[in-house]
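Here's the structure we're looking at; comments come further down.
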Amino acid sequence: MATAKSVTIISDKYLNQMRLECDPLADDAVSAAVRYHGERVLKCHELYSTIKELGETYQDPSCARFLEFYEHEPPWNVDWEKCDSGRRFFVRNSAIAGLVLMYCSLVKSFTAAFGNKVLTAMGRMTAYGDVRRRLFETLHFVKEVVLGAPGDIKAECTRVRLLHAAVRYYVQHHDNRWEVEKYGYPINQEDLAGTLSTFSSVVLRGLELLGVMATDSEKYGYQQLWKFVGYYLGTENDLLCDSYEEEKNLSDLISSRQCNPDKDSLLLTESLLQAFASKSPFHLSYDTTSKLSRHLINDKDLANKLHLRTFGLLGQTAMTLFYVFLRLFVVIQRIVYPVEWVMYAFGKYSLKSLVELSLNGRKPSYLMKAHS
Ligand code: HEM
Numbered sequence: 001m002a003t004a005k006s007v008t009i010i011s012d013k014y015l016n017q018m019r020l021e022c023d024p025l026a027d028d029a030v031s032a033a034v035r036y037h038g039e040r041v042l043k044c045h046e047l048y049s050t051i052k053e054l055g056e057t058y059q060d061p062s063c064a065r066f067l068e069f070y071e072h073e074p075p076w077n078v079d080w081e082k083c084d085s086g087r088r089f090f091v092r093n094s095a096i097a098g099l100v101l102m103y104c105s106l107v108k109s110f111t112a113a114f115g116n117k118v119l120t121a122m123g124r125m126t127a128y129g130d131v132r133r134r135l136f137e138t139l140h141f142v143k144e145v146v147l148g149a150p151g152d153i154k155a156e157c158t159r160v161r162l163l164h165a166a167v168r169y170y171v172q173h174h175d176n177r178w179e180v181e182k183y184g185y186p187i188n189q190e191d192l193a194g195t196l197s198t199f200s201s202v203v204l205r206g207l208e209l210l211g212v213m214a215t216d217s218e219k220y221g222y223q224q225l226w227k228f229v230g231y232y233l234g235t236e237n238d239l240l241c242d243s244y245e246e247e248k249n250l251s252d253l254i255s256s257r258q259c260n261p262d263k264d265s266l267l268l269t270e271s272l273l274q275a276f277a278s279k280s281p282f283h284l285s286y287d288t289t290s291k292l293s294r295h296l297i298n299d300k301d302l303a304n305k306l307h308l309r310t311f312g313l314l315g316q317t318a319m320t321l322f323y324v325f326l327r328l329f330v331v332i333q334r335i336v337y338p339v340e341w342v343m344y345a346f347g348k349y350s351l352k353s354l355v356e357l358s359l360n361g362r363k364p365s366y367l368m369k370a371h372s
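As numbered in the UniProt record's numbering, residues 1 to 372 make up the sequence shown, in order.
Here it is in C-alpha cells:
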C-alpha cells in the first residue's frame, strides 16, 4: 500500500475534507463500549480493557477490528536502525528538546484557532484544569516513544487513540457550542497531522534554532519514528510523510491554513507559561519563557498576536552565546564518542527520573477529564 503523498497532491480542498474525517476504527469501538456500558465508560480507567473484553469475549465486531489493527505492522518497512539514531539524538539533547516541545511546539499548536477549541472545551490545559499533570503525562508518552520498544509504543498509542475517541464522543454529544461547519470535527485528520508534526519536524527545527543540529540521517530517523506513532494513533496514510522535508512542507501548509491566534490561543499560552513559571523542570521565570517562546516560534506576527515578550540586547546576546555553545557541543558529541555516550546515558536517566518524579511513580491514566 502506498503511503505518504507528496505535499503537491495535498491541496486545500483535500485538507478541508480532512477536517471532516476522524478515526472510524477507534470511534466505532468507543461507540460500541458506550452502547454496552453507557457513557460512564468514557471517563473510566477501564476503557481499553472494556474494549478488549468486548472484542475478545463478546466478539463485538467494532472492538475486534480495533484490536486486530494493533496485531499488524505498518504497511511500509520501518527502518528501526534509522529510527534509533533519531531517538538517540533526541535523548542526548532531551533537556533542550523539552524546552522546544513546551515553548515552541505546544505554543504553536495553541495558535491553531479551530484545533485549540477541543483543548479549551475539555479545560485541562486552562487555569481551571491540571496543566502540569496533563503535560507530564504527555512527557511520559514522549519518553515511551523515544525509549520504549515498538510494542510499548503501540500500547501507548492504543490508549491515547481511545482517549482521543472518547474526547470526540464527549464533545460531539455534550458540547452544544461545537460548530462542525466552522471547526470541523474535534481531533480531525488535519489536526492530527498538524499536531504530529509538532512532536516531530517542529522539534527538529526548534532545536536547530538553538544550535542543536541533527544530521540528515538523524532527522530522517526521528521523523520516521513519529510516522510510526502517527500510524498507530489513527492518522490517515496519505498524511503520514516519507521524509523530514515532506513533513516540514505539510506542516507549513497546515500552519498557513490554521495558525491564526485567537482568545483561546492567548488563554492556553498564558496557562502554560503560568503553570511552569519558576517551577520544575526548568525553573525559568515567566518573563524568560515568554521571550524564549517568541524566539523559538520565530514568527514575529504570531508572537505579537500571542503577546509574547521580546529579549532585550542582553537577552539576545545571551541567546547568541548559548547558540554558539550548543553548536560546538553538538560537534564535540559527534567526534568524541565517550561524550556522546555520557550525554545519552544522562539524557535517558534525566528523562526517566523526571517522568517518574512528576507523576509520583504512577503511569498516566489517559483518562478523559472534563474541567469545563
Ligand atoms: C497526532 C498527534 C498527537 C499526539 C502524539 C497526542 C498525544 C496525546 C497524549 C499523550 C495525550 C494524553 C495526555 C493525558 O492524558 O494527560 C493526549 C490527550 C489529549 N489530546 Fe492528543 N495528541 C495528538 C493529537 C491531538 C489533537 C490533534 C488534538 C486536538 C486538536 C488532541 C487533543 C487531546 C485531548 C483533548 C486530550 C485529552 C486531555 C485533555 O483534555 O487535554 N490531541 N494526546
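All residues carry an ideal CB built from backbone N, CA and C; glycine is no exception.
Query raised in the report: Taking 6 Å as the cut-off, is the CB of THR120 close to at least one heavy atom of the ligand HEM?
Result: Taking non-hydrogen atoms of the ligand HEM into account, the C-beta of THR120 is found less than 6 Å away from none of them.
Query - The alpha helix (DSSP H) enclosing GLY55, as first and last residue numbers - result: 47 to 56
Query raised in the report: Within the chosen definition, does the segment 227 to 247 reach the segment 189 to 201 through at least 3 CB pairs nearer than 8 Å?
Result: yes
Query raised in the report: Excluding five sequence neighbours on each side, which residues of the same chain lie with their C-beta closer than 6 Å to the C-beta of LYS219?
Result: Cβ within range, chain order: LEU204 and TYR244.
Query raised in the report: Which whole-angstrom value describes the C-beta separation of THR288 and PHE276, a residue pair presumed to lie in contact below a C-beta threshold of 8 Å?
Result: That belief does not hold up - the Cβ atoms of THR288 and PHE276 are roughly 11 Å apart, past 8 Å.
Query raised in the report: In chain order, what residues of the same chain lie with their CB nearer than 8 Å to the CB of SER278, ignoring the 5 residues before and after it?
Result: LEU284, SER285 and TYR286
Requested in this report: Measure from the alpha carbon of HIS140 to the alpha carbon of each residue in MET368, SER358 and ALA370, then state which is nearest.
Outcome: SER358
Requested in this report: Measure the C-alpha to C-alpha separation of LYS369 and PHE114 and round it to an integer number of angstroms.
Outcome: 21 Å
Report task. Check ALA2 in the structure and name its three-state DSSP category. Result -> Caution applies to ALA2, whose pLDDT of 40 falls short of 50 and renders its modelled position unreliable; the model cannot decide the point.
Query raised in the report: Just the Cα atoms here: how many angstroms apart are LEU136 and CYS241?
Result: Note on identity: in this sequence residue 136 is Phe, with Leu being the wrong assignment. When rounded, the distance between both Cα atoms is 27 Å.
Query raised in the report: Where does residue 410 sit, in a helix, a strand or coil, going by DSSP?
Result: No answer is possible for residue 410: the residues shown for the chain start at 1 and end at 372.
Query raised in the report: Do LEU321 and THR269 have their C-beta atoms closer together than 7 Å?
Result: no
Query raised in the report: What did DSSP end up calling ALA112 once you bin it into helix, strand or coil?
Result: Here ALA112 sits in strand by DSSP.
**Report entry** Candidates LYS352, ILE335, VAL202 and ASN304: closest to MET102 by CA position
**Finding:** VAL202
Requested in this report: Could you tell me the distance, in whole angstroms, from the CA atom of VAL324 to the CA atom of CYS83?
Outcome: 27 Å
Query raised in the report: Do three or more CB pairs link the segment 297 to 312 to the segment 118 to 125 at distances below 8 Å?
Result: Contact between the segment 297 to 312 and the segment 118 to 125 is absent, with fewer than three C-beta pairs closer than 8 Å.
Report task. Indicate whether the contact test is met: 3 or more Cβ pairs, each with one atom in the segment 175 to 186 and one in the segment 70 to 84, closer than 8 Å. Result -> no
Query raised in the report: Do the segment 50 to 61 and the segment 25 to 42 touch if we need at least three Cβ pairs shorter than 8 Å?
Result: yes
Report task. Decide if the segment 253 to 273 is in contact with the segment 98 to 112; the criterion is three or more beta carbon pairs, one per stretch, under 8 Å apart. Result -> By the C-beta criterion, the segment 253 to 273 is judged to be in contact with the segment 98 to 112, since at least 3 inter-stretch pairs fall below 8 Å.
Query raised in the report: For ARG134, is the beta carbon positioned less than 6 Å from some heavy atom of the ligand PLP?
Result: For the ligand PLP, the structure offers nothing, since it holds only the ligand HEM.
**Report entry** Of the residues PHE282, ASN298, THR317 and GLN316, the one placed nearest ARG132, counting alpha carbons only
**Finding:** PHE282
Query - Three-state secondary structure assigned by DSSP to CYS259 - result: strand
Requested in this report: Just mark ALA2 as buried or exposed, buried being the case when its beta carbon has 16 or more other beta carbons within 10 Å.
Outcome: Only weak support is given to the placement of ALA2: the predicted model assigns it a pLDDT of 40, under 50, and the value that follows is read from those uncertain coordinates. By the neighbour-count rule (16 or more Cβ atoms within 10 Å), ALA2 is not buried but exposed.
Report task. Assign PHE311 to one of three DSSP states: helix, strand, or coil. Result -> Three-state result, PHE311: coil.
Query raised in the report: At what residues does the alpha helix (DSSP H) containing GLN223 begin and finish?
Result: 216 to 232
Requested in this report: Pull up the distance between the alpha-carbon of ARG161 and that of LYS154, whole angstroms please.
Outcome: 10 Å
Requested in this report: Determine the burial state of VAL355: buried for a count of at least 16 other Cβ atoms within 10 Å of its Cβ, exposed for fewer.
Outcome: It counts as buried.
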